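Residue numbers (this note's numbering): 1 to 260.
All C-beta atoms in this analysis are idealised placements derived from N, C-alpha and C, irrespective of residue type, glycine included.
Remember, predicted model here, so these are calculated numbers, not experimental data.
Single-structure report; data block below.
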C-alpha cells in the first residue's frame, strides 16, 4: 500500500508510541463489507504497535467511511447496532467527526468518478454506495488493549456478539467448556469492585472497561483455551504472543488510500 523511505524508517517512535509529526494516513473506504473488514483489520493492528503503519507511532488518520460503517464504529452501549467493531474502534482510537454529515448530502455531485448512488438502507444490511462520513482518528493513549491481548479480545468479542442480546450469565458459559466458572470471578461475593461486571448485562450494553475486566478474568482463568480459533484456523497463544496477522490482512486493492 505504501513504502517508507530510509529516513522515515529511521524515525521509529514505537518505544513511547508518540504521535508521528510527519505521517498522516488518508483513505476512502467503500461502504460495503470489504470496507468494514479493511477498517477492522487496521484497528486490530493498533495494539501491536509493530504492524502496518503503527510501527511508526500514533499515525493520525483521516477516513471517509460509509455512514453505515461509521454508525457501527460509534454505536454507544445499549444501541442495537453495537458490535465487535464498535468495541474495538472505541478501545483503540479517538474518534472525531470534523465535518458535519450534511457535507456529504450531494456526494454524487462532488466526487469523481460519480459512482455514488442513493440507496435505502435496512436494519442490519449494508449497501455498497450511499451516505458517507468523514472521520478524523488515531490511536488513543493510553491503549486499553495490551499488545499480547488482541487475540483474546477477538475471541471473546466474536463469541459474545453472536448473541448480543443474551445476558452475560448465559453468554459467558458459551466461551469454552467450563467457562461458567468465570461468572464467579466477575460477580462473586469476593470480587473487588474494580473487577466486578454485572452478569445481567447484555454484550452490547458493556462499556470498554467492562469488556477489559472480562478479558482480564479470562486471561487469569487456568482452564482458558490455549488455541483460539480465527477464521477456521487455530492461533497459538504464547506468553509473548508474537502473532503474525499478515495472512488475515485483506488485500488493499479496493481502497483508495495515501500516506503523507
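- Excluding five sequence neighbours on each side, which residues of the same chain lie with their C-beta closer than 6 Å to the C-beta of residue 19? Excluding sequence neighbours, residue 19 sits near 58.
- Message: One question on the structure: do residue 138 and residue 60 come within less than 8 Å of each other, judged by their Cβ atoms?
- Response: Between residue 138 and residue 60, the gap from beta carbon to beta carbon is short of 8 Å.
- Task: Pick out the complete beta strand (DSSP E) segments inside the segment 170-195, 3 residues or longer, and give them in chain order.
- Result: Entirely contained in the segment 170-195, not one beta strand (DSSP E) run reaches 3 residues.
- Item | 4-residue-minimum alpha helix (DSSP H) runs that sit fully inside the segment 48-107, ordered along the chain | Listed in chain order, they are 67-74, 84-92.
- Taking the alpha-carbon positions, what's the residue 45 to residue 176 distance? Going by the C-alpha atoms only, they are around 25 Å apart.
- Query: With distances taken between CB atoms, is the gap from residue 172 to residue 179 smaller than 8 Å?
  - Reply: For the pair residue 172 and residue 179, the CB atoms are nearer than the 8 Å cut-off.
- Query: What did DSSP end up calling residue 23 once you bin it into helix, strand or coil?
  - Reply: In the structure shown, the three-state DSSP call for residue 23 is coil.
- Same chain, Cβ closer than 7 Å to residue 147, neighbours up to 5 away in sequence not counted: The answer, listed in chain order, is 47, 48, 49.
- Can the beta-carbon of residue 84 be found closer than 8 Å to that of residue 133? No, these two residues do not count as a Cβ contact at 8 Å.
- Message: Here's the rule I'm using: 16 or more other beta-carbon atoms within 10 Å means buried, otherwise exposed. How should residue 96 be labelled?
- Response: By the 10 Å Cβ count, residue 96 comes out exposed.
- Task: Please report the residue range of the alpha helix (DSSP H) in which residue 219 lies.
- Result: 208-220 is the span of the alpha helix (DSSP H), which, as asked, contains residue 219.
- Message: Looking at the strands, I want to know which residues DSSP matches up with residue 133.
- Response: The partner list for residue 133 (beta bridge, DSSP) reads 65.
- Query: Run through DSSP, which three-state label would residue 139 get?
  - Reply: DSSP places residue 139 in the strand class (E or B) of the three-state scheme.
- Query: What residue range is occupied by the uninterrupted alpha helix (DSSP H) comprising residue 159?
  - Reply: Residue 159 -> alpha helix (DSSP H) spans 150-160.
- Message: Measuring straight from C-alpha to C-alpha, what distance separates residue 223 and residue 183?
- Response: Their backbone Cα atoms lie some 14 Å apart in a straight line.
- Message: Taking its Cβ as the centre, do 16 or more other Cβ atoms sit within 10 Å of residue 92, making it buried, or is it exposed?
- Response: Sixteen is the threshold: when 16 or more other Cβ atoms of the shown chains lie within 10 Å of the Cβ of residue 92, as they do, the residue is buried.
- Message: Mapping the DSSP letters down to three states, classify residue 168 as helix, strand or coil.
- Response: If DSSP states are grouped into helix, strand and coil, residue 168 belongs with the helices.
- Task: For residue 39, name the three-state secondary structure that DSSP assigns.
- Result: Under the three-state reduction of DSSP, residue 39 is assigned to helix.
- Message: Between the alpha carbons of residue 34 and residue 40, how many angstroms are there, rounded?
- Response: Taking the Cα positions, residue 34 is about 10 Å away from residue 40.
- Item | Residue of 80, 29, 22 minimising C-alpha distance to residue 53 | When C-alpha distances from residue 53 are compared across 80, 29, 22, the shortest belongs to 22.
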